[in-house]
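Enquirer:
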Amino acid sequence: MQVGILHSISGTMSISETGSVQAEKLAIEQINAQGGVLGRKIETIQEDGASDWPTFAEKARKLLVNDKVASVMGCWTSASRKAVLPVFEQHNGMLYYPTFYEGLEESPNVIYTGQEATQQIIAGLDWVAREKGAKSFYLLGSDYIWPRTSNKIARKHIEDKLGGEVVGEEYYPLGHTQFNSVINKIRLRKPDVIYAIVVGGSNVAFYKQLKAAGIDMTEEAPLLLTISVTEDEIRGIGGENIEGAYACMKYFQSLENENNQEFVAAFKEMWGDDMVIGDVTQAAYLGPWLWKAAVEKAGSFDVDKVREASPGIELASAPEGYVKIHENHHLWSKTRVGHALADGQYEVVFETDDLVEPDPFPEGYQ
Amino acid sequence: MFSGYSLPELGAIFAMQGFAGLILFSVFVLMALGLAIIFGQMGVINMAHGEFMILGAYVTYLVSNAFAAYMPALFGAYFFVAMVLAFCASGFLGMAVEWAIIRHLYKRPLDTLLATWGLSLILQQAFRSLFGAREVGVTIPEWMMGSLPVTDLIEIPINGIFVMVLALGISAAVYVMMYKSGWGRQVRAVTQNRVMAGAVGIDTERTDRMTFGIGCGVAGVAGAAFTMIGSTGPTSGQAYIVDTFLVVVFGGAASLLGTIASAFSISQAQSILEFFLSGSMAKVITLLVVVGILMLRPQGLFAMKLRK
Amino acid sequence: MTKTSFLKRDEAVGLVILALIIFVVFPVMLDDFRLNLFGKYLTYAFVAIGLVLCWGAGGILSLGQGVFFGLGGYCMAMFLKLEASTPEATAIQSTPGIPDFMDWNQISALPIWWQPFNSFAFTLVAIFVVPAAFAFVIGYAMFRRRVSGVYFAIITQAIAAIATILIVGQQGYTGGVNGITDLRTLMGWDIRPDGAKTTLYFVNGVLLFVCLLVAMAIRKSKFGRVLVAMRDAEDRVRFSGYDVASFKIFIFCVGAMMASVGGAMFTLQVGFMSPTIVGIVPSIEMVIFCAVGGRHSLMGAVYGALLVNWAKTTFSESFPELWLFGLGALFIAVVMAFPNGLAGLFDDYIKPRLRIGRAAPATTPQPAE
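Take a look at the structure:
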């Protein structure tokens, strides 16, 4: 029985997607070590999306039509998912998509194992308003759909629900490396919170320049809250450059529970001691397990049956803790706030009491 | 946008913004100097320029790791060693590339573009195979990461000052080499008339190789410096390529002074626009203005008069 | 120059062989998936043919052909997107009847410049006129001032960069980095099933041949010969009284239109359009297709586009971690060892042995400059 892995291992996105490939391979190896799925070993076919969306569509078609894989673990950016989506719907495939993303989508052919925007954002904003008394926010992002949509939701929440104020909102092209101007603007506006959704190589430039400009995040004036920097990104940024920032997402490597300790140990054993694990890597690890559970519940590898069986699937063994598939194919999950330490890890300072319901088409935030 | 601020506050912000423009200027100068030598003097379109820069950045990464492991006491000074080694690594690679590829293509400048594009793909994959697809974190010595409080309100980043000093130093060095040394005379002679230069006894092949090597070496130093402000990954180099070429072309390709003047005007325009507009729009408008001016004045700001 | 009669027969044989390959060999040998892939490769051949005219014949190297490819692709995508965004299909949106990405960006009415794209006739005209007009503006500004060679290449590259940043930044109007996706029907005809893709492949092939014949006609005409003369000695042509700039502007516009047709066919066959196809990297790759095929050979351009894209797919399937080495080495090898690409190889090694016609030695044109 074959499963496809479809990520970029060349091109600009390979930086981010490598971790997902590693996690998916680890999960499949563990599943095979436990005897496979329905008594059958799982083989993987890996394809390179090459950071190029038409290539993603092409490779998705190859996996579904030529290789006839039972499911595909893959994609990272929204653009790549949008490109493969018609292919999955036409050829009735099943995609397990690991990244936190902007929402506004609910396909019967995709299981979204990362958080959608409201799930990730709102708990963090509530937390800074409640615990830190934050009133004014400066929204900053890379210029594409995820940061823009996330900031749209954040702005609505800040203005309508928290009674706060957005004192600036702006976007820089992907790959931009000069942030001194925006840092000066931030000084001028004196926000309580810098809300940053910068991605990729720009991240490294932004945090290094922020630190060099004398904005010490450990003083929390302003406080920095991000939803785009996982432990994976900190490797490139350098822990000393981002120490004191807060991140809001569902998983941190430092989570203290048995599942996670086993997962981290297994990941390091397979890929090396110097590996770090971020939110998306963990979400990618869930993909094969959720698929296995659905196949076993359905008693078949048939995509229609797997889809039917998927809602309600629970995974108590997830590193992030208990998760459950919602009717809308997203996961119920907890949201956490982490405080960046100099060693490149986050210390979890807050966790929602209950699982947060995924809501890809949020009322009142459109 | 400025209501509710006291005059000193505004003054401080503008001073810091002016400084931000100067840092951007220095970054542009560092990016473009190597290319100004290669493209401006030799007419070679080196699309792998960004990869030569990233090679310098990776050398810095290796040196910082070596210092952290073997000489932690001297860690604060590793950066200077790294810059020298980055210059050597990129320079030698450049000379090798010149010998293997470029020297066969001097009569076909557009073809150097294609060949060096292929080279950039190979280098990117080499970085990826050697260092992994992820960005590497280069630890910068503590003394370079802080900021210098000039007044209560004005703080100036030390790495910005460092980049500026470096840009000035390298510009001066290149100027002296090009205009005050015997080697520079040879380079300029070869640029202006290859056949005559050969006829009067200049070893044109050696001159070409040295010129290309030095251009790449300067790119390597720039790459080493950029570890302070940017990222180091296999494909980071591509982010610099358009800006770099535009700075050189805008300046008038054959003129070093032009390159510096153009770096200054583009960086100031961009930094002022960034302050009043959003980042993306600032970038688009700057590029549009530069392209627009180039359409009106294709020879760039400073053109050297040459007989065809 | 070789004798006219010989050339004609040679070209006719070449065209028949190419037609056999595209219309018989590929459809018979390849399954639906691969055939669709080759259809996608062939859309790049349009750009490569345009580049042979501009670069091989005219000496104008544009690193911004992706922009024109994108203009055609976006025109077609806008039409298809409007057709897919019926009020019924978009009922869950706050403003039904507009494309989904506009709704996500709080745009509540269709922008004025989108509205003409409700008409298929307008879209078809736009696919030709928009890129031609844009190419005319660029060409007029640059060639009148005698910008050429390397400078032209770099300025067009900057234009490709600007276009990408603009498209990505104006996501409410363009779909941003995701592009315009989820295209379904063309005038009620579903373009997604395998059967439709096969039909589109043949339509694409026919258009490609039309394009090829137009390009050949241009090259054969007096105009084409002036163009070659210009490439080799621009000043002499100017001194002979020809208006060099107008010739260059015209050929640049023709190249842009061909790229645009390719882009429109790309959108139809791939099912979406995105800014990654407009930027610097794809634009350079398009030049590579042309260089590998042979920058002076129109038919070579088609083979070049097919070969490079096929190699890209195959390398990346078999050696995903190493394929960039192979691709990079291919570019260097072509430039250094085979400056006239596949067509040059054919002329130098294969044709003498075939003894087509009289064994008149075909003079291979030397690369420009």
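Line by line, the protein sequences give chains A, B and C.
Under our numbering, the first sequence is numbered contiguously, ending at residue 377.
Under our numbering, the second sequence is numbered contiguously, ending at residue 310.
Under our numbering, the third sequence is numbered contiguously, ending at residue 392.
Yeah, the Cβ is synthetic: ideal placement off N, Cα and C, and Gly gets one too.
Tell me which residue opens and which closes the beta strand (DSSP E) that Tyr108/A is part of.
Expert: 106-108
Enquirer: Please go through the same chain and pick out, in chain order, the residues whose beta-carbon is closer than 6 Å to the beta-carbon of Pro373/A, but skip the five residues on each side of it.
Expert: Thr129
Enquirer: Just the chain A side, please: which residues come within less than 9 Å of Gly162/B by C-beta, in chain order?
Expert: Asn191, Gln220, Ala223, Ala224
Enquirer: Tell me which residues share the same chain as Glu54/A and place their Cβ nearer than 8 Å to its Cβ, disregarding the 5 neighbours each side in the sequence.
Expert: Cβ neighbours of Glu54/A beyond the five flanking positions: Met12, Gln13, Val14.
Enquirer: Using a Cβ-Cβ distance under 8 Å, would Lys7/A count as near chain B?
Expert: A query on residue 7/A cannot be resolved here, the shown segment of chain A reaching from 12 to 377 and no further.
Enquirer: Could you work out which residues of chain C lie near Val154/A, taking near to mean beta carbons separated by less than 7 Å?
Expert: For the sequence presented, residue 154/A should be read as Asp rather than Val. Here the neighbours are Val191, Gly192.
Enquirer: Rounded to a whole number of angstroms, what is the C-alpha to C-alpha distance between Tyr163/C and Ile295/B?
Expert: Tyr163/C and Ile295/B have their C-alpha atoms spaced approximately 14 Å apart.
Enquirer: Just reading off the beta strand (DSSP E) that Gly179/A is part of, what are its end residues?
Expert: 176-183
Enquirer: Does the region 133-142 of chain C come into contact with the region 120-137 of chain A, if we say contact requires no fewer than three beta-carbon pairs (one atom in each stretch) closer than 8 Å?
Expert: no
Enquirer: Expressed to the nearest angstrom, what Euclidean distance is found between the alpha-carbon atoms of Ser92/B and Val65/B?
Expert: Straight-line Cα distance between these residues: approximately 15 Å.
Enquirer: Quick check on the DSSP output: the beta strand (DSSP E) that includes Cys259/A runs from which residue to which?
Expert: Start and end: 257-260.
Enquirer: Since Gln13/A sits in a beta bridge, which residues does DSSP pair it with?
Expert: Glu54/A
Enquirer: Does any residue of chain A have a CB that is nearer than 8 Å to the CB of Thr141/B?
Expert: yes
Enquirer: When the cut-off is 8 Å and only beta carbons count, does Arg159/A lie next to chain B?
Expert: no
Enquirer: Find out if the Cβ-Cβ distance for the pair Ile16/A, Gln57/A is shorter than 8 Å.
Expert: yes
Enquirer: Report all residues from its chain with a CB closer than 8 Å to the CB of Gly179/A; omit the five preceding and five following residues, and keep chain order.
Expert: Tyr149, Leu150, Leu151, Lys196, Ile197, Arg200, Pro202
Enquirer: Is Ser297/C close to chain A? Criterion is C-beta to C-beta, closer than 8 Å.
Expert: A Cβ of chain A is located within less than 8 Å of the beta carbon of Ser297/C.
Enquirer: Could you list which residues in chain C have their beta carbon closer than 9 Å to that of Asn77/A, in chain order?
Expert: Asp54, Phe56, Arg57
Enquirer: Please report the straight-line C-alpha distance between Lys303/A and Glu319/A, rounded to a whole angstrom.
Expert: The C-alpha of Glu319/A is placed about 14 Å away from the C-alpha of Lys303/A.
Enquirer: So Val152/B packs on Ile160/B, CB below 8 Å; how close in whole Å?
Expert: Not a contact, Cβ separation roughly 12 Å.
Enquirer: Nearest CA to the CA of Thr193/B: which residue from Ile39/B, Phe129/B, Val167/B?
Expert: Ile39/B
Enquirer: Looking only at its chain, what residues have a beta carbon closer than 7 Å to the beta carbon of Ile216/B, apart from the 5 residues adjacent to it on each side?
Expert: Ile39, Gly93
Enquirer: Would you mind working out which of Ala271/B, Gly23/B, Ile124/B sits nearest Glu1/B, comparing C-alpha positions?
Expert: Summary: the structure shown does not reach residue 1/B, with chain B confined to residues 3 through 310, and so no result is reported for it.
Enquirer: Alpha carbons only, please: which of Tyr64/C, Ile40/C, Ala112/C, Ile311/C is nearest the one belonging to Arg207/C?
Expert: Of the candidates Tyr64/C, Ile40/C, Ala112/C, Ile311/C, the residue whose Cα lies closest to the Cα of Arg207/C is Ala112/C.
Enquirer: Between the alpha carbons of Leu258/B and Leu303/B, how many angstroms are there, rounded?
Expert: 11 Å
Enquirer: By the criterion of Cβ-Cβ separation under 8 Å, what are the contact partners of Gln180/C in chain B?
Expert: Val244, Phe247
Enquirer: Taking DSSP as the reference, what is the three-state secondary structure of Arg318/C?
Expert: coil
Enquirer: Name the chain B residues that come within less than 8 Å of Arg246/A, Cβ to Cβ?
Expert: Arg136, Glu137, Val138, Gly139
Enquirer: Identify the continuous beta strand (DSSP E) that holds Glu362/A and give its terminal residues.
Expert: Counting along the chain, the unbroken beta strand (DSSP E) around Glu362/A starts and ends at 357-362.
Enquirer: By the 7 Å beta-carbon criterion, what residues does the region 61-89 of chain A contribute toward chain C?
Expert: Ala61, Asp63, Trp64, Pro65, Ala68, Glu69, Arg72, Lys73, Val76, Asn77, Ser89
Enquirer: Rounded to whole angstroms, what's the CA-CA distance from Ala169/B to Lys163/A? Just pull it up for me.
Expert: Near 40 Å, if we compare the C-alpha coordinates of Lys163/A and Ala169/B.
Enquirer: Closer than 7 Å, Cβ to any Cβ of chain A: which residues of the region 278-302 of chain B, in chain order?
Expert: Ser280, Gly281, Ser282, Lys285
Enquirer: Using the beta-carbon count (16 or more within 10 Å), is Lys261/A buried or exposed?
Expert: buried
Enquirer: Would Glu244/A and Gly281/B be called neighbours here (beta carbons separated by less than 8 Å)?
Expert: no
Enquirer: In angstroms, rounded to a whole number, what distance separates the CA positions of Ala284/B and Ala184/C?
Expert: 14 Å
Enquirer: Enumerate in chain order the residues of its own chain whose CB-to-CB distance from Ser233/B is below 8 Å, with the five nearest sequence positions on each side excluded.
Expert: Closer than 8 Å at Cβ, skipping near neighbours: Glu137.
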